[in-house]
Structure formats: structure tokens, C-alpha cells
Amino acid sequence: MNKKQVVTRFPPSPTGTLHIGGARTALFNWLFALHHNGKFVLRIEDTDRARSSKEAIDSIIESMKWLGLDWDEGPYFQSQRAEIYNEFIERLLSSKKAYYCNCSPDELERKRIEAKERGLKPKYDGKCRELGLGKSPDAVIRLKSPLSGTTRFKDLVKGVISIENEQLDDLILQRSDGSVTYHMAVVTDDIKSGITHVIRGDDHINNTPRQILIYNALGEPIPQYAHLPMILGPDKSPLSKRHGATSVLAYKEMGFLPHALVNSLARLGWAYGDQEKFTVQELIELFSLDHVGKSSGIFNMEKLLDLNAKYIREADDGNLAELLIPFLTNLGCSNLSREKVKGALRTLKARSKTLLEMAQGALFFFKEIDYEKQADERFLIPEVLEILKDLLLDLKGAPSFAQEQLENIFSIFLERHQIKLGKVAQPLRVALTGKTVSPGIFEIMEVMGQEMVIKRLSNAISHIKSKKGP
RNA sequence: GGUCCCAUCGUCUAGCGGUCUAGGACGCCGGCCUCUCACGCCGGUAACACGGGUUCGAGUCCCGUUGGGACUACCA
Numbered sequence: 007m008n009k010k011q012v013v014t015r016f017p018p019s020p021t022g023t024l025h026i027g028g029a030r031t032a033l034f035n036w037l038f039a040l041h042h043n044g045k046f047v048l049r050i051e052d053t054d055r056a057r058s059s060k061e062a063i064d065s066i067i068e069s070m071k072w073l074g075l076d077w078d079e080g081p082y083f084q085s086q087r088a089e090i091y092n093e094f095i096e097r098l099l100s101s102k103k104a105y106y107c108n109c110s111p112d113e114l115e116r117k118r119i120e121a122k123e124r125g126l127k128p129k130y131d132g133k134c135r136e137l138g139l140g141k142s143p144d145a146v147i148r149l150k151s152p153l154s155g156t157t158r159f160k161d162l163v164k165g166v167i168s169i170e171n172e173q174l175d176d177l178i179l180q181r182s183d184g185s186v187t188y189h190m191a192v193v194t195d196d197i198k199s200g201i202t203h204v205i206r207g208d209d210h211i212n213n214t215p216r217q218i219l220i221y222n223a224l225g226e227p228i229p230q231y232a233h234l235p236m237i238l239g240p241d242k243s244p245l246s247k248r249h250g251a252t253s254v255l256a257y258k259e260m261g262f263l264p265h266a267l268v269n270s271l272a273r274l275g276w277a278y279g280d281q282e283k284f285t286v287q288e289l290i291e292l293f294s295l296d297h298v299g300k301s302s303g304i305f306n307m308e309k310l311l312d313l314n315a316k317y318i319r320e321a322d323d324g325n326l327a328e329l330l331i332p333f334l335t336n337l338g339c340s341n342l343s344r345e346k347v348k349g350a351l352r353t354l355k356a357r358s359k360t361l362l363e364m365a366q367g368a369l370f371f372f373k374e375i376d377y378e379k380q381a382d383e384r385f386l387i388p389e390v391l392e393i394l395k396d397l398l399l400d401l402k403g404a405p406s407f408a409q410e411q412l413e414n415i416f417s418i419f420l421e422r423h424q425i426k427l428g429k430v431a432q433p434l435r436v437a438l439t440g441k442t443v444s445p446g447i448f449e450i451m452e453v454m455g456q457e458m459v460i461k462r463l464s465n466a467i468s469h470i471k472s473k474k475g476p
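Counting in the numbering used here, the first sequence runs without a single skipped number right up to 476 at its last residue.
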């Protein structure tokens with residue numbers, strides 16, 4: 007039992023919001039760490055100062071918190087770790103594993119184009135490799151990588167991957183302005199944090215051998231790698247903004263429960279037999295890299311909606327009310343009573359796929375209604391006037407508005423008029439909600455309460471009367 | 001172009017050589033329930049990319065073809 011503690015990390019670069027793909031990578035790292043009782047580190051890769059922003063950092067952190075992906079260490083900021091990187095660069099320089107190169111960007115660009123034209127691989131030709139150049143203002147530092155041999159690693163999801171070293175060139179570790187490049191920063195940080203498992207998108211597969219070469223040059227142990235297949239948009243191209251909602255926070259605004267997103271993300275690329283729904287606890291217990299698939303997948307919004315609907319149905323009314331109130335407020339409701347919100351949401355739980363949809367469906371409980379044109383024309387007609395008037399009388403006399411009570415009143419009422427419920431239900435529904443579609447009328451009447459029901463029914467009656475003309 | 005990765009219903013996937021006339025979920029289509037819409041329940045639709053091997057036996061292993069994708073920067 008003296009195996010090293012598992013340490014994973016999630017290293018977003020703050021050039022935008024956290025999107026679905028990043029969130030899944032974070033989730034898998036988080037699950038893997040928790041499954042192994044390990045640690046999960048958050049690191050912000052903000053070395054590209056021009057493209058990084060504070061807003062992006064904030065929104066990434068907000069997204070992580072909303073999803074419930076908490077970290078044990080960090081966030082570290084690469085922009086604040088120059089000293090550490092320089093120390094590692096120094097190590098490479100003094101062991102002759104790295105060297106200065108003063109080839110100008112223009113020169114390199116020219117050679118690249120030339121090589122391409124001749125059908126060769128456009129890689130650095132190693133011009134300065136053996137020159138023993140010293141530090142100079144416009145010199146970069148390059149890794150002296152092996153010219154032959156094979157670099158191979160066992161990927162925990164893809165299997166053995168190998169590449170000939172001659173395919174790789176001497177990559178730049180430090181730029182001429184003294185800042186360190188991505189590969190160097192990543193490797194240094196991962197070593198410093200004691201990362202044991204690097205779980206990331208498979209767009210990094212080609213980066214892995216380069217990074218392994220840096221580990222080797224440093225004489226440091228190589229972590230285990232697991233490359234996750236990418237998430238695609240519906241057109242099978244890599245997920246991007248033009249596919250609509252990709253940012254995690256957008257899903258929050260659309261009224262998704264964080265757990266629904268988590269569950270859905272977990273199932274994208276990972277499976278546990280036929281099981282579709284998992285609690286967080288189950289995910290942690292069952293998650294394993296060898297059940298992660300190798301092929302990329304399309305994010306399925308329909309399935310997310312279905313899962314979200316299921317979780318809404320199962321949710322505790324009190325919690326759901328808390329989540330729903332902000333949506334109602336956004337839609338212009340104020341002075342919301344928690345109890346009434348709970349009542350309203352009970353009527354809508356089975357028919358809402360998102361919190362937003364639920365809030366929209368609940369508006370008639372909290373705001374004045376307008377009759378939808380079609381509904382008005384079809385159901386608030388003179389033919390039902392007498393029936394509604396009589397119904398109003400019965401409702402005024404109701405001792406209580408509990409559902410069973412209402413059902414009793416109605417069955418007597420229907421009996422008396424020798425009609426079916428269908429006959430009054432729709433006109434009444436329109437009178438109470440303005441629409442032809444709503445939760446069951448007994449349910450909504452109970453939640454609305456006698457006063458509101460009587461008021462709306464009376465309004466509808468005068469509305470019908472006004473149609474008959476003066 | 002070069003290198004690397006990938007390939008089961010429309011989509012997410014199960015499958016780790018025989019139990020697969022390929023299972024589940026979402027979607028879609030019927031039906032039941034019913035005060036509308038949902039929920040729920042019942043039923044249906046639909047896939048192993050192609051071609052060669054290996055094997056008594058291949059969705060499962062190997063090779064190739066085709067098709068996707070990634071990388072190929074003093075971006076990350």
C-alpha cells in the first residue's frame with residue numbers, strides 16, 4: 007500500500023469561458039482523483055498574457071464551483087511562476103540538454119516554407135545545436151532532443167503510442183523575451199505538483215512525446231497519460247462557439263441542474279454497462295479510465311434535456327424552489343412567497359425539462375394574465391357563459407380549496423349539468439391561465455387559492471359578456 | 001504533404017473470440033391513461049464503414065482501403 011498518492015490536475019487557459027469539453031476534462035480528472043482518494047489541482051495557464059483575462063478566470067472558477075468540481079490545491083497561476091521555470095531551464099542548460107539558438111523568426115519561417123515546397127517536414131534544422139552559443143538578447147533556448155530512437159508511452163485510454171524521435175525537432179523552451187513556452191511550463195508545473203496522471207483531450211497526443219523528452223532531459227519520472235476523445239458538435243466538427251451553447255454557464259442560465267450536466271458529461275465517453283443515471287457518489291465509486299471510450303462523440307442536447315427533466319422530477323421541492331426563484335425574478339415576478347413557489351413547482355415538476363421552462367410555465371401563478379388569442383377565441387365563448395357563471399357560484403361557496411374538495415364540488419356540478427369535465431375544463435383553464443395548456447385544473451386551483459380563482463373566473467365572465475356587444 | 005489518433009442504430013453507448021437472429025438510453029413513430037399538455041406504462045423503428053486475413057468460430061484479433069480528427073508556431 008505504499009503506492010504514490012494519485013494527483014491529477016485541470017489546467018485551463020483563461021482565454022474564454024469554460025466550455026463543455028473543458029468541463030468534461032475537469033470532471034474526469036476530478037472523478038479519477040476522488041476515486042483514488044487522491045488530490046485534484048487547479049492551475050491557470052495564463053502565460054499568454056495578451057489572450058488571458060481576469061473575466062475568463064472568474065468565469066472558469068464560477069463554472070467549476072457551479073458544477074461542484076472542487077480542487078484541493080491551487081489555483082496556481084503560471085504567470086506567477088517564472089522563477090520556478092527558470093530554475094528548471096537552468097538545470098537543462100547546465101546539463102547541456104538545452105542550448106541557445108539565435109536563428110531569427112524570419113529565417114525559420116523561410117526555411118519552413120522551403121522545406122514544405124520540397125515536400126519535407128518543416129522542422130527546425132538544428133543549426134545552432136552544436137554552436138555553443140551564449141545568452142544574447144534575441145536568442146531562444148531549445149531542447150536538445152534525441153535524433154534517433156523511439157519515444158513511446160502507454161496511454162491509459164488509447165493504448166501504446168509511439169513516435170520516431172526523428173519526427174520531432176528541438177522545440178523552444180524559452181522565448182527570446184525570457185518567458186517560457188507552453189511545453190516547458192506544463193512539464194515543470196506537473197513535476198512541481200507531483201502530478202501522477204495527466205488526463206486531457208486527445209488533441210494533446212502529439213504534444214506528449216515532446217513533453218516526455220523534456221522529462222527525460224530533466225531526469226524526472228514520467229506521469230501516466232490518458233487522452234480523452236474530443237467532443238464534437240452536431241456537424242461532427244470540433245465543438246466551438248458556432249455550435250451555440252458551449253459554455254458551462256450558458257447551461258446554468260438555460261435552467262439546467264448542475265448534476266444533470268455532470269451526469270451527462272460523464273456519460274459522454276464513459277460508460278458503466280447500461281446504467282444511465284448516476285449520483286455523484288456513484289460516479290466517484292465507479293469511474294475508471296478503462297471504461298473510457300476511444301472515439302470522439304457528439305454532445306447530445308436531447309439527452310441532457312431528458313436527464314435534466316428526470317432530475318427535476320426527483321428534486322426536493324425546497325431546493326427546487328431556491329433554484330427556481332431567480333428564474334421567476336428574472337421573468338419579472340416579485341414578492342414571491344416560498345410556499346406558493348413550492349406549490350406551483352409541484353404542479354410543474356413532471357412537465358418541465360428545465361428550470362427556465364418551469365418558471366415560464368409558472369408565471370400565471372404570480373403575474374397578471376393575458377388571454378392567448380387562439381385560446382380566447384376558441385374557449386371563452388358565449389356558449390359557456392351560463393356554465394361558468396354557475397360554476398363561479400359553486401366555487402364561491404366552497405368550504406376549502408383542497409384538491410379533493412374541488413373534485414367533489416366538480417363531480418356534483420357536472421352531475422347537475424349532465425356534462426363531462428372536458429366541457430368546462432378548457433374554458434376554465436383559459437380563464438385561469440390564459441392558455442390552453444397548463445397543469446391539471448384542480449392542482450392549479452388549489453395553489454392559486456379561492457380568491458385568485460374567483461377573481462379570474464369573474465374576469466373571464468365579464469370578458470365573455472363584453473364580446474356579445476353592448 | 002508528413003506524423004499520430006479514431007470508426008457498433010440519427011445521437012450517447014454495451015460488447016473485452018462462441019451466451020449477438022447485437023443489448024440499453026435519447027430521439028422518432030404507434031397505443032394505453034386522460035380535464036389540456038406532460039408524467040407514467042406498453043409496443044415499434046434503426047447499427048457492427050469496406051476489403052482481405054488469423055481462427056473450428058470475428059462486432060470482438062491482424063493488415064489494407066475509405067472516411068473523420070489532431071498536431072506540424074518564439075499559441076496553449
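Positions of the beta carbon are idealized from the N, C-alpha and C atoms, including for glycine.
Going by beta carbon distance, what residues of the same chain come within less than 7 Å of residue i, once the five residues before and after it are set aside?
{"i": "arginine 216", "result": "Leu174, Leu177, His189"}
{"i": "histidine 423", "result": "Ile393"}
{"i": "isoleucine 90", "result": "Thr194, Lys198"}
{"i": "asparagine 35", "result": "Thr14, Arg15, Phe16, Phe46, Ile205"}
{"i": "aspartate 209", "result": "Met236"}
Please return the same chain residues whose Cβ sits closer than 6 Å to the Cβ of residue i, not counting the five positions on each side in sequence.
{"i": "phenylalanine 94", "result": "Thr194"}
{"i": "valine 13", "result": "Gly44, Lys45, Gly200, Ile201, Thr202"}
{"i": "isoleucine 228", "result": "Ile218, Tyr221"}
With C-beta atoms as the reference, is residue i less than 8 Å away from residue j?
{"i": "valine 47", "j": "glycine 74", "result": "no"}
{"i": "lysine 300", "j": "valine 436", "result": "no"}
{"i": "glycine 279", "j": "proline 235", "result": "no"}
{"i": "isoleucine 237", "j": "serine 302", "result": "yes"}
{"i": "glutamine 366", "j": "leucine 337", "result": "yes"}
{"i": "leucine 311", "j": "lysine 247", "result": "no"}
{"i": "valine 204", "j": "aspartate 196", "result": "yes"}
{"i": "leucine 362", "j": "leucine 326", "result": "no"}
{"i": "phenylalanine 159", "j": "tyrosine 231", "result": "yes"}
{"i": "glutamate 378", "j": "glycine 446", "result": "no"}
{"i": "asparagine 269", "j": "lysine 283", "result": "yes"}
{"i": "serine 59", "j": "proline 18", "result": "no"}
{"i": "alanine 368", "j": "threonine 442", "result": "no"}
{"i": "glutamate 452", "j": "phenylalanine 385", "result": "no"}
{"i": "isoleucine 450", "j": "lysine 402", "result": "no"}
{"i": "leucine 354", "j": "asparagine 314", "result": "no"}
{"i": "arginine 118", "j": "proline 111", "result": "no"}
{"i": "lysine 122", "j": "arginine 135", "result": "no"}
For residue i, I'd like the list of residues in its chain whose CB is within less than 8 Å of its CB, leaving aside the five on either flank, ordered along the chain.
{"i": "leucine 342", "result": "Ile331, Leu334, Thr335, Phe372"}
{"i": "leucine 139", "result": "Tyr105, Tyr106, Cys107, Asn108, Ala145"}
{"i": "leucine 255", "result": "Thr23, Leu24, Ser65, Glu68, Ser69, Trp72"}
{"i": "leucine 271", "result": "Ile26, Ala29, Arg30, Leu33"}
{"i": "glutamate 96", "result": "none"}
{"i": "alanine 191", "result": "Glu51, Thr53, Gln84, Arg87, Tyr91"}
Please determine whether the Cβ atom of residue i lies at a distance below 7 Å from any heavy atom of the ligand ZN.
{"i": "valine 192", "result": "Absence of the ligand ZN is noted for the structure shown, with no ligands found whatsoever."}
Please state the DSSP three-state secondary structure of residue i.
{"i": "isoleucine 167", "result": "strand"}
{"i": "histidine 42", "result": "coil"}
{"i": "threonine 285", "result": "coil"}
{"i": "tyrosine 377", "result": "coil"}
{"i": "valine 12", "result": "coil"}
{"i": "isoleucine 237", "result": "strand"}
{"i": "glycine 324", "result": "helix"}
{"i": "arginine 49", "result": "strand"}
{"i": "methionine 7", "result": "Since pLDDT at methionine 7 reaches only 39, below the 50 mark, its modelled position is unreliable, and the value read off the structure follows with that caveat. Coil, per DSSP."}
{"i": "tyrosine 257", "result": "helix"}
{"i": "phenylalanine 83", "result": "strand"}
{"i": "isoleucine 304", "result": "strand"}
{"i": "proline 17", "result": "coil"}
{"i": "proline 388", "result": "helix"}
{"i": "proline 143", "result": "coil"}
{"i": "proline 111", "result": "helix"}
{"i": "proline 128", "result": "coil"}
{"i": "lysine 359", "result": "coil"}
In the DSSP output, what is residue i paired with across the bridge?
{"i": "arginine 148", "result": "Tyr105, Ile178"}
{"i": "arginine 477", "result": "The question about residue 477 has no answer here: the residues shown for the chain are numbered 7 through 476."}
{"i": "tyrosine 231", "result": "Asp161, Val204"}
{"i": "valine 298", "result": "Trp276"}
{"i": "valine 186", "result": "Gln180"}
{"i": "histidine 25", "result": "Ser253"}
{"i": "proline 244", "result": "Leu238"}
Check your understanding: What residue ranges within the stretch 403–458 form continuous alpha helix (DSSP H) runs of no fewer than 4 residues, ordered along the chain?
Key -> 409–423, 427–439, 447–454
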